[in-house]
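Heads up: the sequence shown is residues 378 to 749, going by the working numbering. Here's the structure, in structure tokens; my notes come after.
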Amino acid sequence: MLSYIIRRLLLIIPTLFGIMVINFVIIQFAPGGPVEQIVAQLAGTNVGATARIGGTGGTEVGRTGPASQQPSSGAAHNNTYRGAQGLDPEFIKQLEKQFGFDKPLHERFFLMMKNYILFDFGTSYFRDETVVDLVISKLPVSISLGVWTTLIVYLISIPLGIRKAVYDGSSFDIWTSGIIIVGNAIPGFLFAVLLIVLFAGGSYLDWFPLRGLVSENWDQLSWPMRILDYFWHMALPILAMVIGGFAALTFLTKNSFLDQINQQYVLTAKAKGLTKNRILYGHVFRNAMLIVIAGFPSAFVSILFTGALLIEIIFSLDGLGLLGFEAVIKRDYPIMFASLFFFTLLGLIMKLIGDLTYTLIDPRIDFEVRDV
């Protein structure tokens, strides 16, 4: 097992490198890089844009840290930017140097990877904060959404899937399947809007807050009231994410149990006179839950980093999804690529943990390579 873990960890290196290369190349063809963003703001007489422009002494008010580690847009070495007419070419070159775009493409990429390996993710272009500090500040929201959504989805899907398998073909199985399919067909963001209209001061009831993770006076509350306030704010966002998240897991659990129920060892257990519950939870459960439980790490990562974007926007929750969305819109490359690096690495590690979970649930599974 140790050799398998070492092989998988070594495989993470080329996989992560390949993903970073592909995305780095793709971003070169995306218009509207950070230099163009500044130029457009200056052309639009946005006085705030000048706060990010460095002086001749090499220090910038909004300096982004090791800028040479960052990628450029396709027009990095082209002094002609949209809306740049009338601006001094030397000023454009100064902007390119400030953002690190005066270096060759390959040099910027390898310097970026070197810094990332040392966990130096630089500083945001348009926020005077390091990427690490920004990510840490957004983690409570995303972790809250991810943990509670995953937990509730599993607590609903597993018992429901087991019951549907036991009563396969019954009226209970049929009408619950209909409800699940309808719930899965409703987009989470659309259900979130419906919840706001119904319960958050829209057109009907005003029972829940519309934004934020906690109330403004949260620090002044007692601990029991803080907990209630936290769940009061999280109720609608979590419900919106859960509504469409349990369909696949429920049917996976049901089909897995049906497959095991029809195995020969179940017939043998029945012939020995074992009770129905003893067979179901003493023999079938462990084998049927193998694929369900082993997928928990990847499911959690998926919900944590990809499923909450629109929910965070709708409920004004300042989490990682919203941070990444704003980084893409503003071409804030330090946040974009640092987030890609970190989340890809976390996803690959979680995939390994998921595979190792198989061996914990069923010791008969062995990933070691042996001569035949």
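Ideal Cβ placement from N, Cα and C applies to all residues, glycine included.
Find the nearest neighbour of residue i within the set the options, judged by alpha-carbon distance.
{"i": "I563", "options": "K649, G622, A577 and P711", "result": "G622"}
{"i": "A617", "options": "P536, I691, F487 and Y544", "result": "I691"}
{"i": "G659", "options": "I638, L626 and A407", "result": "I638"}
{"i": "W525", "options": "F585, F566, H610 and V402", "result": "H610"}
{"i": "L626", "options": "L386, G395, N664 and N561", "result": "N561"}
{"i": "R504", "options": "L729, K491, A704 and F714", "result": "A704"}
{"i": "N632", "options": "R540, G696, F714 and Q597", "result": "R540"}
{"i": "I399", "options": "F486, S380 and P481", "result": "F486"}
{"i": "L516", "options": "V678, S548 and L387", "result": "V678"}
{"i": "Y531", "options": "G499, S548, F673 and W552", "result": "F673"}
{"i": "V543", "options": "Q641, S599 and D636", "result": "D636"}
{"i": "F714", "options": "A685, I404 and L387", "result": "I404"}
{"i": "G395", "options": "Y381, L725 and V570", "result": "L725"}
If you draw a straight line from the C-alpha of residue i to the C-alpha of residue j, how long is it?
{"i": "M378", "j": "R384", "result": "10 Å"}
{"i": "I389", "j": "I620", "result": "34 Å"}
{"i": "K470", "j": "F478", "result": "9 Å"}
{"i": "S449", "j": "L522", "result": "Bear in mind that the predicted position of S449 carries a pLDDT of just 44, short of 50, making it too unreliable to give a figure here."}
{"i": "L511", "j": "T645", "result": "58 Å"}
{"i": "E506", "j": "F401", "result": "23 Å"}
{"i": "W595", "j": "V518", "result": "15 Å"}
{"i": "Y735", "j": "M727", "result": "13 Å"}
{"i": "E484", "j": "T392", "result": "20 Å"}
{"i": "G731", "j": "T527", "result": "15 Å"}
{"i": "L667", "j": "D550", "result": "23 Å"}
{"i": "V648", "j": "V661", "result": "According to the sequence as given, residue 648 is Ala; it is not Val. Using only the alpha carbons, I get a separation of about 15 Å."}
{"i": "I520", "j": "S501", "result": "22 Å"}
{"i": "Q597", "j": "N492", "result": "41 Å"}
{"i": "S548", "j": "V559", "result": "17 Å"}
{"i": "L629", "j": "S554", "result": "12 Å"}
{"i": "Y381", "j": "A676", "result": "23 Å"}
Grouping DSSP H, G and I as helix and E and B as strand, with all else coil, what is residue i?
{"i": "D583", "result": "strand"}
{"i": "T627", "result": "helix"}
{"i": "A577", "result": "strand"}
{"i": "V643", "result": "helix"}
{"i": "T734", "result": "helix"}
{"i": "T500", "result": "strand"}
{"i": "T527", "result": "helix"}
{"i": "F652", "result": "Here the sequence assigns Thr to residue 652, which means Phe is not the residue at that position. T652 falls in the coil class under three-state DSSP."}
Find out if the Cβ-Cβ distance for the pair residue i, residue j is shorter than 8 Å.
{"i": "V669", "j": "I535", "result": "yes"}
{"i": "W557", "j": "A612", "result": "The sequence given here has Ile at residue 557, not Trp. It is not a contact, given that the beta carbons lie outside the stated cut-off."}
{"i": "F566", "j": "F576", "result": "no"}
{"i": "P601", "j": "I688", "result": "no"}
{"i": "G698", "j": "S716", "result": "no"}
{"i": "Y581", "j": "V574", "result": "yes"}
{"i": "F406", "j": "G538", "result": "no"}
{"i": "G589", "j": "S514", "result": "no"}
Under 8 Å, with one C-beta from each stretch per pair, do the region 597-607 and the region 698-713 reach the 3-pair mark? no
Below 8 Å, how does it come out for the region 720-728 and the region 649-659: are there three or more Cβ pairs, yes or no? no
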